[in-house]
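Written out below as structure tokens is the structure these notes cover.
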Amino acid sequence: MNKRRWIAVVIAVGLFVFSAVSSRVATHNEAESQQALAGLNALLYGSNQLEKNVIEDGDADKQIAKLTVDGTIADTGSGGIFSTATYSHQDFLAQLQEIQRDGNIKGILLEVNSPGGGVYESAEIAKEFAKIKELKIPVYVSMKNMAASGGYYISAAANKIFATDETVTGSIGVIMSGVNYSGLMEKLGITDETYKSGALKDMGSTTRKPTQKDQEVLQTYVNNAYDRFVKVVAKGRGMSEAAVRKIADGRIYDGAQAKANGLVDEIGFPEDALAALKKDQKLTNAQVIEYSVGDTGFYSSWLGNKAAKLQGLAPSEDSTLVHLFASLGNAQAPKPLYYYGGQ
Numbered sequence: 001m002n003k004r005r006w007i008a009v010v011i012a013v014g015l016f017v018f019s020a021v022s023s024r025v026a027t028h029n030e031a032e033s034q035q036a037l038a039g040l041n042a043l044l045y046g047s048n049q050l051e052k053n054v055i056e057d058g059d060a061d062k063q064i065a066k067l068t069v070d071g072t073i074a075d076t077g078s079g080g081i082f083s084t085a086t087y088s089h090q091d092f093l094a095q096l097q098e099i100q101r102d103g104n105i106k107g108i109l110l111e112v113n114s115p116g117g118g119v120y121e122s123a124e125i126a127k128e129f130a131k132i133k134e135l136k137i138p139v140y141v142s143m144k145n146m147a148a149s150g151g152y153y154i155s156a157a158a159n160k161i162f163a164t165d166e167t168v169t170g171s172i173g174v175i176m177s178g179v180n181y182s183g184l185m186e187k188l189g190i191t192d193e194t195y196k197s198g199a200l201k202d203m204g205s206t207t208r209k210p211t212q213k214d215q216e217v218l219q220t221y222v223n224n225a226y227d228r229f230v231k232v233v234a235k236g237r238g239m240s241e242a243a244v245r246k247i248a249d250g251r252i253y254d255g256a257q258a259k260a261n262g263l264v265d266e267i268g269f270p271e272d273a274l275a276a277l278k279k280d281q282k283l284t285n286a287q288v289i290e291y292s293v294g295d296t297g298f299y300s301s302w303l304g305n306k307a308a309k310l311q312g313l314a315p316s317e318d319s320t321l322v323h324l325f326a327s328l329g330n331a332q333a334p335k336p337l338y339y340y341g342g343q
């Protein structure tokens with residue numbers, strides 16, 4: 001173990017001791033104790049402040065921000081230095097908002113590898129990109145393995161979209177699904193006893209057969225979300241809504257098919273999208289940066305991870321999964337999703 005690691009261990013032990021003592025001090029010292037503990041946490045773990053990391057040197061006054069959406073677009077409720085998810089929704093929104101405040105950002109390369117996700121979360125991202133578009137900051141998208149459903153939704157308004165021949169994209173549409181156990185309950189002689197204020201209060205119930213009215217209301221809800229998706233694609237791609245609907249029946253396309261039907265501009269990889277962004281937008285000498293949340297590296301260690309969870313600073317794996325499933329809906333409370341592959 002190197003010197004830096006030993007120092008981190010000593011600080012961690014001190015932090016445990018300090019936490020135990022601070023929890024027993026008099027109430028009038030609570031504010032001072034919390035302030036001191038916050039200072040130690042910042043020293044040990046780092047801050048939640050976004051930091052720029054230069055990944056390709058160049059003119060710092062003309063920067064290209066490389067952003068990444070990798071994974072399901074869902075809000076797991078965790079972000080910053082203690083985020084354990086591949087995709088952190090709150091961190092990504094923070095990056096988009098930081099770009100709007102930074103006058104040095106002259107272009108964005110967005111790499112997408114996602115099956116989509118929540119309707120609300122996808123709309124949040126699209127809203128921030130709309131603000132960026134008003135600032136005349138060009139956005140080029142590079143679709144990697146997959147940019148389907150919500151992954152395409154957040155890409156549609158880009159100035160130019162790249163995909164590889166192997167990219168899975170499309171899946172334009174909305175899905176909301178659940179499981180119904182009413183038939184099984186009937187065979188087992190189990191009766192549902194639900195008291196409700198209105199006939200539709202328990203729409204989507206797993207324990208009774210859906211009525212025609214249930215189906216009509218839920219289908220209308222899904223159709224409205226689908227209409228919004230179609231409008232986003234039509235506006236972003238300069239297509240008529242009728243043209244979008246012809247190709248937006250939920251099916252997937254490879255990159256070549258997507259290019260042929262107007263969903264993609266060019267076939268290429270991230271480096272091709274970056275080269276085109278630099279050439280098209282006269283950013284040849286631009287510095288390329290990406291964002292990260294400042295940390296000391298201690299949290300990634302076993303001891304740092306356990307220390308953060310013991311203090312309640314970092315979510316457990318179980319709580320993260322529970323929050324993820326809740327954000328995507330469940331059998332008892334299905335949610336509409338811009339998602340490829342069902343729930």
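In the UniProt record's numbering, the protein residues as written are 1 to 343. Just so it is clear, CB atoms sit at the ideal spot from N, CA and C, and this is done for glycine as well.
Asked: Taking DSSP's pairing of strands, which residues face I289 in a bridge?; Found: V54, A65
Asked: Report the start-end ranges of each beta strand (DSSP E) in the UniProt domain "Peptidase S49" (133 to 283) that is 3 residues or longer and not cut off at the edges.; Found: 139 to 148, 160 to 163, 168 to 170
Asked: Counting only the same chain and skipping the five closest in sequence on each side, list residues whose C-beta sits under 7 Å from that of G170.; Found: A148, Y152, R251, I252, Y253, A258, L263
Asked: Which residue or residues does DSSP assign as beta-bridge partners of residue 349?; Found: With the chain covering 1 to 343 only, the question about residue 349 has no answer from this structure.
Asked: Would you decide whether N285 is buried or exposed? Buried here means 16 or more other CB atoms lie within 10 Å of its CB.; Found: exposed
Asked: Using a Cβ-Cβ cut-off of 8 Å (strictly less than) and excluding sequence neighbours within five positions of Q100, which residues of its own chain qualify?; Found: E128, K131, I132, L135
Asked: With C-beta atoms as the reference, is residue 344 less than 8 Å away from M185?; Found: For the chain, the structure presents residues 1 to 343; residue 344 sits outside this window and is missing.
Asked: Between the alpha carbons of V179 and V217, how many angstroms are there, rounded?; Found: 18 Å
Asked: Rounded to whole angstroms, what is the Cα-Cα separation between L43 and Q49?; Found: Reliability fails at L43, whose pLDDT of 48 lies under 50, so the model's placement of it is uncertain and the value that follows must be treated cautiously. Near 13 Å, if we compare the C-alpha coordinates of Q49 and L43.
Asked: So what's D59 in DSSP terms, helix, strand or just coil?; Found: strand
Asked: So, is T220 buried or exposed, given that buried needs 16 or more other C-beta atoms within 10 angstroms?; Found: exposed
Asked: Quick one: using the 10 Å Cβ neighbour count with 16 as the cut-off for buried, is T191 buried or exposed?; Found: exposed
Asked: From V142 to T194, what does the alpha carbon distance come to, in whole angstroms?; Found: At residue 142 the sequence reads Ser, which differs from the Val that was named. The alpha-carbon atoms of S142 and T194 are separated by roughly 50 Å.
Asked: Verify whether the separation of the beta carbon atoms of A248 and V230 is less than 8 Å.; Found: yes
Asked: So, helix, strand or coil for Y120, using DSSP?; Found: helix
Asked: Could you pull out every residue in the same chain whose Cβ sits closer than 8 Å to the Cβ of N53, ignoring the five residues on either side in sequence?; Found: I289, E290, Y291, S292
Asked: Could you compute how far the alpha carbon of V233 sits from the alpha carbon of D57?; Found: 35 Å
Asked: Name the DSSP bridge partner or partners of L337?; Found: G118, I175
Asked: Excluding the five sequence neighbours on either side, which residues of its own chain have a C-beta within less than 8 Å of the C-beta of residue 346, listed in chain order?; Found: Past the edges of the chain, shown from 1 to 343, lies residue 346, and the structure says nothing about it.
Asked: Leaving out five residues before and five after N104 in sequence, what residues of the same chain have Cβ atoms less than 8 Å from its Cβ?; Found: A60, D61, K62, Q63
Asked: Taking the C-alpha atoms as reference points, what is the distance between I137 and K335?; Found: 33 Å
Asked: Are K66 and L109 touching if we call contact CB-CB under 8 Å?; Found: yes
Asked: For G107, list the residues DSSP reports as bridge partners.; Found: I64
Asked: Mind checking which residues open and close the alpha helix (DSSP H) that includes D91?; Found: 89 to 101
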